[in-house]
Amino acid sequence: MRATAKAHTNIALIKYWGKRNEAIILPTNNSLSLTLDGYYTTTTVEFDNSLSKDQFMLDEQTVFGEQYDRVTSFLDIIRQMAGKQVYAQVTSINEVPTAAGFASSASGFAALAAAGSKAIGLHLSDQELSRLTRRGSGSACRSIYGGFAEWEMGMREDGTDSYAVPIAPADYWDIRVAAVVLSATKKSVSSREGMRRTVETSAFFQGWLDSVAHDLAEIKQGIDVRDFQKVGEIAEANCLKMHATTLGAQPPFTYWHDTTLVVMQKIWEMRSRSIPVYFTIDAGPNVKVLYLPEHETHVQQTLRNIPGVTDVRLSKPGRGITYI
Ligand code: 2P0
Numbered sequence: 001m002r003a004t005a006k007a008h009t010n011i012a013l014i015k016y017w018g019k020r021n022e023a024i025i026l027p028t029n030n031s032l033s034l035t036l037d038g039y040y041t042t043t044t045v046e047f048d049n050s051l052s053k054d055q056f057m058l059d060e061q062t063v064f065g066e067q068y069d070r071v072t073s074f075l076d077i078i079r080q081m082a083g084k085q086v087y088a089q090v091t092s093i094n095e096v097p098t099a100a101g102f103a104s105s106a107s108g109f110a111a112l113a114a115a116g117s118k119a120i121g122l123h124l125s126d127q128e129l130s131r132l133t134r135r136g137s138g139s140a141c142r143s144i145y146g147g148f149a150e151w152e153m154g155m156r157e158d159g160t161d162s163y164a165v166p167i168a169p170a171d172y173w174d175i176r177v178a179a180v181v182l183s184a185t186k187k188s189v190s191s192r193e194g195m196r197r198t199v200e201t202s203a204f205f206q207g208w209l210d211s212v213a214h215d216l217a218e219i220k221q222g223i224d225v226r227d228f229q230k231v232g233e234i235a236e237a238n239c240l241k242m243h244a245t246t247l248g249a250q251p252p253f254t255y256w257h258d259t260t261l262v263v264m265q266k267i268w269e270m271r272s273r274s275i276p277v278y279f280t281i282d283a284g285p286n287v288k289v290l291y292l293p294e295h296e297t298h299v300q301q302t303l304r305n306i307p308g309v310t311d312v313r314l315s316k317p318g319r320g321i322t323y324i
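Per full-length UniProt numbering, residue 1 is the first one in the sequence shown, and the count goes up by one each step.
Right under this line is the structure:
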């Protein structure tokens, strides 16, 4: 009744932006990501008949409130699947620095789903595990796999066909990602709220949806032939379209800070000097920069020298779920 799993976070190159069903987390579009090696969560789940409720320890602190509620609701799904009413002790260690602007929910729910389902005796395929993980946090369903993964939105309203599939493993292509950390301030619009507001009110949301199929087809072709320029161009354009939807929402909002734009312009300036670098940005101000290993020293130095940049953290493609 006890299992430990490790999961890495992922960065979306084609973004998940919009839900068609909030209760069971069904997206409005497919998305595609790269799992990263530097950021991960290790979680142990132990189901124990002597417990009268779930317990959740994160980085050696007992967790209460909303974060606890999300974990117990997710364990309820696992219990229901297994047909067992037994509470769990959940112990997680997060190696995802909040300041780097990566969502720890992706690695967190992937590790919880893997450890929890194994501990309770469910023997899930990767596809079943990804489908379960989706219920905790959408982007987490892609973290079941290493390297490139695509979350297929599915057509059914019961969610049975909405899960991630592997596109290429971690050792397929050594693309690097630099997380450019800007002076931290807490974001005022969560990604859940941002997505909801965009779907309900943004004048640009339909345009976003209409463009995703083309971006996905193109980026998959680029990955197939390891065409870095193509993958970078599509990822950057897709990110900009996602962020454009927030400006068309009511009330309008943006995740960008002034330094976000400065970093973007620096990337464009490097490209004008024939250095192949591209950016993507999630629901926050930090910029993630895509580059190839041979440009690491130059890219890192250039980014570190930008005023307002507090840190630059480098990452390689990472592996999928592992059990410890
Ligand atoms: C992504 N993001 O594809 C996109 C790009 C943010 C921008 O997935 O509500 O934490 O838990 O399903 O997965 C952030 O949203 O949202 C996200 P929920 P999640 O990575």
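Ideal placement from N, C-alpha and C gives every residue a C-beta, glycine not left out.
Residue pairing of VAL262 in beta bridges, as defined by DSSP: absent, with no partner found. By alpha-carbon distance to GLU296, the top candidate from THR310, ILE281, MET270, ARG319 is MET270. PHE64 and PHE56 have their C-alpha atoms roughly 8 Å apart.
Judged by DSSP secondary structure, ASN94 falls outside any alpha helix (DSSP H) and instead within the beta strand (DSSP E) spanning 88-95. In the DSSP assignment, the residues bridged to LEU290 are VAL177, TYR278. Ranked by how close their Cα comes to the Cα of THR245, the residues LEU303, GLY194, GLU236 have GLY194 in first place. In its chain, beyond the 5 residues on either side, MET1, PHE47, ASP48, ASN49, LEU51, ARG79, ILE120 have a beta carbon closer than 8 Å to the beta carbon of VAL86. By the neighbour-count criterion, in which 16 or more other beta carbons inside 10 Å mark a residue as buried, ASN305 falls on the exposed side. By the Cβ criterion, the stretch 312-322 is not in contact with the stretch 261-278, since fewer than three pairs of Cβ atoms, one from each stretch, lie closer than 8 Å. Excluding residues up to 5 positions away in sequence, ASP54 lie with their Cβ nearer than 7 Å to the Cβ of THR72 in the same chain. Residue pairing by DSSP places VAL165 opposite GLU150 in a beta bridge. Within the stretch 12-94, the complete beta strand (DSSP E) runs of at least 3 residues fall at 19-21, 31-47, 55-58.
When the alpha-carbon of HIS214 is set against those of GLU200, ALA237, THR201, ALA88, the nearest one is in ALA237.
Going by DSSP, VAL199 is part of the alpha helix (DSSP H) stretching over 191-201.
Near the ligand 2P0, meaning a Cβ closer than 6 Å to any of its heavy atoms, lie the following residues in chain order: ALA12, LYS15, TYR16, TRP17, ILE25, SER31, ALA103, SER105, SER137, GLY138, SER139, SER191, ARG192, ASP282, ALA283. ILE281 sits buried, since 16 or more C-beta atoms from the chains shown fall within 10 Å of its C-beta. Per DSSP, reduced to three states, the secondary structure at ALA7 is strand.
When C-alpha distances from THR160 are compared across ILE14, VAL212, ASP224, SER130, the shortest belongs to SER130. Bridge pairing for ARG2: GLU46 [DSSP].
Put simply, the backbone Cα of THR259 is about 12 Å away from that of GLY284.
No Cβ-Cβ contact shorter than 7 Å links ILE321 with ALA3.
Taking 7 Å as the cut-off, the Cβ atoms of TYR163 and GLY147 do not count as close.
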